[in-house]
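The sequence shown begins at 223 in this note's numbering and counts up one residue at a time.
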Amino acid sequence: MKTVIIILGAARSGSTLLAKAIGGHSACFGLGEINRFNEEIENPDTHCGCGEKLNLCSFWSQILQELNLDFTSTTRQSDNFNVGIFNQLTKKKYLHKLINTVVFKSVYTNKLVEREIENTFTLYNKIFEKTNVDVLVDSTKGLLRAIVLASRSDKNINFKFIQLTRDGRGVLNSNLKTSYSIKHKDGSIVNYKGHDKTKNPSKLIRAWLYINLRNFVLLKLFYKKKTLFVNYEQFTGEPESNLRKIYDFLQLEYEPEVLDLSKHEQHILGGNASRINAKKITKQDDKWQTDLDAAILRSFNRKAGWFNRLAGYK
Numbered sequence: 223m224k225t226v227i228i229i230l231g232a233a234r235s236g237s238t239l240l241a242k243a244i245g246g247h248s249a250c251f252g253l254g255e256i257n258r259f260n261e262e263i264e265n266p267d268t269h270c271g272c273g274e275k276l277n278l279c280s281f282w283s284q285i286l287q288e289l290n291l292d293f294t295s296t297t298r299q300s301d302n303f304n305v306g307i308f309n310q311l312t313k314k315k316y317l318h319k320l321i322n323t324v325v326f327k328s329v330y331t332n333k334l335v336e337r338e339i340e341n342t343f344t345l346y347n348k349i350f351e352k353t354n355v356d357v358l359v360d361s362t363k364g365l366l367r368a369i370v371l372a373s374r375s376d377k378n379i380n381f382k383f384i385q386l387t388r389d390g391r392g393v394l395n396s397n398l399k400t401s402y403s404i405k406h407k408d409g410s411i412v413n414y415k416g417h418d419k420t421k422n423p424s425k426l427i428r429a430w431l432y433i434n435l436r437n438f439v440l441l442k443l444f445y446k447k448k449t450l451f452v453n454y455e456q457f458t459g460e461p462e463s464n465l466r467k468i469y470d471f472l473q474l475e476y477e478p479e480v481l482d483l484s485k486h487e488q489h490i491l492g493g494n495a496s497r498i499n500a501k502k503i504t505k506q507d508d509k510w511q512t513d514l515d516a517a518i519l520r521s522f523n524r525k526a527g528w529f530n531r532l533a534g535y536k
């Protein structure tokens with residue numbers, strides 16, 4: 223049976239780098255944030271993880287051709303191919319369906335997102351067929367989406383989860399960055415605008431706390447056997463030992479080549495610049511210690527410091 227491993231956690235926790243590392247294995251393929259498939263292929267300026275513009279990437283061009291789509295398609299129209307992000311899942315009137323799925327392991331059904339679910343499995347299967355790998359690495363991060371997909375046992379795909387946790391202060395600092403650069407396949411370096419620094423730090427702190435606390439509770443209580451808990455700082459500090467644990471979890475033999483991120487061309491969608499830029503796994507440098515404003519740091523410690531310490535951060 224084929225496996226899809228979904229990386230869960232808050233945004234800016236390092237899921238792109240982790241997906242790229244896992245995807246370097248000969249039996250794995252890194253998808254990236256596949257829920258962004260539609261917006262990525264509709265954007266003419268988007269780049270694939272291979273460094274090419276997405277509309278020039280031979281891999282995704284072939285996938286689209288097999289799905290009878292092209293880069294000019296408005297794929298999110300109701301009569302076309304949409305994988306979306308299942309926005310309907312969080313509406314209060316449908317929460318009882320999720321509760322049944324989480325607690326009683328029932329199959330999640332909701333006609334409003336059924337097409338998105340089916341399209342997601344179609345996309346998974348097309349990529350399995352093309353790559354002939356055993357494992358796809360989906361770094362979409364949404365827990366509810368992961369639970370819904372994993373409930374579909376009839377699809378003959380085994381789902382596993384990685385809950386990736388990063389020091390909340392590092393996540394906050396990354397969210398507040400105003401720009402980043404990517405070196406593309408042709409050698410050009412292009413600067414891109416990042417997040418607006420006027421973004422409310424309190425909202426970012428609350429989002430990090432909510433996502434991680436919710437994930438820990440639900441995964442520990444209901445999906446413990448399906449989940450591997452990974453610390454981002456430990457992963458970057460000791461990549462070999464952590465990747466060995468991950469491949470053991472996936473029932474794969476460790477391959478030393480995975481530490482060289484430049485060894486294999488990858489086609490990761492979405493995520494940050496590391497999908498193209500990262501050539502090796504480097505230890506996390508704790509830039510938050512010098513970059514974060516003292517008042518923002520105090521606010522974080524007051525609102526979320528307790529959970530950060532619980533997660534192992536001093």
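C-beta atoms are modelled at their ideal positions from N, C-alpha and C, and glycine is treated no differently.
Predicted model, so just to flag it, every value in this text is computed and none were measured.
### Task
Give the DSSP bridge partners of Leu365, in chain order.
Looking up residue 365 in the sequence shown gives position 143. Paired residues: none, contrary to the question.
### Task
Rank Lys382, Leu491 and Asn354 by C-alpha distance to the C-alpha of Leu365 and give the top, closest one.
Position 143 of the sequence shown, counted from the start, is the residue given in the question as residue 365. Of Lys382, Leu491 and Asn354, the residue nearest in Cα terms is Lys382.
### Task
Could you tell me the distance, in whole angstroms, from the CA atom of Val439 to the CA atom of Thr294?
Here residue 439 refers to the residue found at position 217 when the sequence shown is read from its first residue. Here residue 294 refers to the residue found at position 72 when the sequence shown is read from its first residue. Each residue's Cα considered, the two are about 42 Å apart.
#### Entry: Closest Cα partner of Arg391 within the set Ser328, Thr225 and Lys509
Position 169 of the sequence shown holds residue 391. It is Lys509.
### Query
Are Gly187 and Thr268 closer than 9 Å when you measure CB to CB?
The requested residue 187 is not part of the displayed model; the chain covers only 223 to 536.
### Query
Leu230 bridges to which residues according to DSSP?
For this step, residue 230 is matched to residue 8 along the sequence shown. Answer by DSSP bridge pairing, in chain order: Lys363 and Gln385.
### Spatial neighbours of Ser496 in its chain, beta-carbon cut-off 6 Å, leaving aside the 5 residues before and after
As a first step, residue 496 must be located in the sequence shown, where it is residue number 274. These residues qualify, in order along the chain: Thr238 and Leu239.
### Task
Could you pull out every residue in the same chain whose Cβ sits closer than 8 Å to the Cβ of Leu474, ignoring the five residues on either side in sequence?
To locate residue 474, count along the sequence shown from 1; it is residue 252. If we look at Leu474 and ignore the five residues flanking it on each side, its Cβ neighbours are His247, Ala249, Cys250, Asp356 and Val357.
### For Lys275: DSSP bridge partner residues
Taking the first residue of the sequence shown as position 1, residue 275 is located at position 53. The partner list for Lys275 (beta bridge, DSSP) reads His269.
### Outcome for Asp507 when other beta-carbon atoms lying within 10 angstroms are tallied against a minimum of 16
To locate residue 507, count along the sequence shown from 1; it is residue 285. Per the 10 Å Cβ criterion, exposed.
### Message
What does the Cβ neighbour count give for Glu274, buried or exposed, with the cut at 16 atoms within 10 Å?
### Response
Position 52 of the sequence shown holds residue 274. Buried, by the Cβ-count rule.
#### Entry: As assigned by DSSP and simplified to three states, the class of Lys448
Mapped onto the sequence shown, residue 448 falls at position 226. Helix, per DSSP.
### Query
Hey, would you say Tyr469 sits closer than 9 Å to Glu460, going by beta carbons?
In the sequence shown, residue 469 corresponds to position 247, counting from 1. In the sequence shown, residue 460 corresponds to position 238, counting from 1. Taking 9 Å as the Cβ cut-off, Tyr469 and Glu460 do not qualify as a contacting pair.
### Check whether Asn304 and Lys319 have beta carbons under 9 Å apart
Counted from its first residue, the sequence shown places residue 304 at position 82. Counted from its first residue, the sequence shown places residue 319 at position 97. No.
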